[in-house]
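Here the structure is laid out as structure tokens; the discussion comes afterwards.
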Amino acid sequence: MFIFFIKTIILTLILSSCSILLKEKKIFSNQLFNLKKHDQLIKNSKDSTKSEKNKHINSSFFKNFMTCKNESSFISFLSNNTLFKKRIYIQKNSNFFRSARKKGLNSFDINTIIKAIEWQISFRKINPHSTFDLIFLREKINSKKNKNILLAIKLNNIGKTYYAIRAMNGNFYDINGFNKSNMIMNFALLKKYRISSSFNLHRIHPITHRISRHLGVDLAMPQGTLVLATSNGKIIKTGFNKISGFYIVLKNFNQCITKYMHLKKILVKTDQNIKINQKIALSGNSGRTTGPHLHYEIWMNKHAINPADARFSFIEPLTPKELILYFKTSKIILSKLK
Numbered sequence: 033m034f035i036f037f038i039k040t041i042i043l044t045l046i047l048s049s050c051s052i053l054l055k056e057k058k059i060f061s062n063q064l065f066n067l068k069k070h071d072q073l074i075k076n077s078k079d080s081t082k083s084e085k086n087k088h089i090n091s092s093f094f095k096n097f098m099t100c101k102n103e104s105s106f107i108s109f110l111s112n113n114t115l116f117k118k119r120i121y122i123q124k125n126s127n128f129f130r131s132a133r134k135k136g137l138n139s140f141d142i143n144t145i146i147k148a149i150e151w152q153i154s155f156r157k158i159n160p161h162s163t164f165d166l167i168f169l170r171e172k173i174n175s176k177k178n179k180n181i182l183l184a185i186k187l188n189n190i191g192k193t194y195y196a197i198r199a200m201n202g203n204f205y206d207i208n209g210f211n212k213s214n215m216i217m218n219f220a221l222l223k224k225y226r227i228s229s230s231f232n233l234h235r236i237h238p239i240t241h242r243i244s245r246h247l248g249v250d251l252a253m254p255q256g257t258l259v260l261a262t263s264n265g266k267i268i269k270t271g272f273n274k275i276s277g278f279y280i281v282l283k284n285f286n287q288c289i290t291k292y293m294h295l296k297k298i299l300v301k302t303d304q305n306i307k308i309n310q311k312i313a314l315s316g317n318s319g320r321t322t323g324p325h326l327h328y329e330i331w332m333n334k335h336a337i338n339p340a341d342a343r344f345s346f347i348e349p350l351t352p353k354e355l356i357l358y359f360k361t362s363k364i365i366l367s368k369l370k
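Terminal number for the sequence shown in this note's numbering: 370, no gaps in between.
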């Protein structure tokens, strides 16, 4: 009787374990089945992307790469490292993401390619039979592990060619040394004015004393200070409410939204096209505040992002000296793509 009882318990535990495994397998398979859009793929790699980026910055590759001050030192650097080429061909009834996966690229590699070239072409417009020619540098981490570092992209899509080449500062630029994303935002106001209250999802509100998300930054400035647009775009909303006071919402052409609140006077109208650094308002103390300041927010893909961090996401333009070196080094890299 006792033996039968023990057998029954063991059988119950085995069946329970099998049930859990089946549920986990079903969840995993559903996650793979639902992985249709590239933003889902990138989202899954977001947490690792930051740590991977830091690994790259601290890696011997970037330390050596960024110390190349002239053409000869760059040639010497390349000769001491292994370069290899990889081609991704977009087949009919497929797309870039599936094709890249088939070629063995991981989420970080795919995300790097997207960020390097997406300002030139929407990935929705990449047609079947397009080709991505990629140049990687193989960095040796230890005796058993290597890391692939993307150096250049050449995309042929419907008879048009796009390039993205890594410069000495670690960022990607086109064949002319340009990256449009350096024209998206001007963060001068974040350097000019003191941040009196930071971006904080768990902030205790100074007036209500309750936890209230602070989805932007407060910039301390006297009333009547000129507020300049931080990007090109169109004014999609202006108005007043008891919380924000007088406010402006500006949408730029990269679907990024900036918001300006607690204004004294609005100098623009809804649907008006705006140029970067254009005067749009006077700062004030309207709405629910504890003193004069400008509340500034940045929204991307319907998510608020910290303006203090966002400025590191946009590409700095190359200086004239950097541009000269870029043309020389990019010519060498492009020769590997032929």
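Each residue gets a CB set at the ideal place from its N, CA and C atoms; glycine is no exception.
{"query": "Cβ pair F168, T361 closer than 8 Å", "result": "no"}
{"query": "From L366, S367, N125, L357, residue whose alpha carbon lies closest to that of N102", "result": "L357"}
{"query": "Whole-angstrom distance between P324 and T257, CA atom to CA atom", "result": "10 Å"}
{"query": "Length of the line joining the Cα atoms of G202 and G319", "result": "43 Å"}
{"query": "Integer Cβ distance of I289 from L282, believed to fall under 8 Å", "result": "7 Å"}
{"query": "Rounded distance between the beta-carbons of I312 and I275, thought under 8 Å", "result": "The pair is not a contact, with the Cβ atoms about 20 Å apart (cut-off 8 Å)."}
{"query": "Beta-carbon proximity list for G277, same chain, < 8 Å, skipping 5 on both sides", "result": "M293, H294, L295, G316, N317, S318, G319, R320, T321"}
{"query": "For F168, the three-state DSSP class (helix, strand or coil)", "result": "strand"}
{"query": "CA nearest to the CA of N159, picked from Y121, N143, L350, Y195", "result": "Y121"}
{"query": "The segment 302-310 contacting the segment 233-242, beta-carbon criterion three pairs below 8 Å", "result": "no"}
{"query": "Close-in-space but distant-in-sequence residues of the same chain around M253 (CB under 8 Å, 5 per side omitted)", "result": "Y225, S315, P324, H325, L326"}
{"query": "Rounded C-alpha distance that separates D250 from S126", "result": "46 Å"}
{"query": "Start-end ranges of the beta strand (DSSP E) lying completely within the segment 249-330, minimum 3 residues", "result": "249-251, 258-260, 265-273, 277-283, 288-298, 311-315"}
{"query": "Local Cβ density within 10 Å of P352, reported as buried at 16 or more and exposed below that", "result": "exposed"}
{"query": "Coil, strand or helix - A199 by DSSP", "result": "coil"}
{"query": "Residue from Q304, Y205, K334 whose Cα sits closest to the Cα of L247", "result": "K334"}
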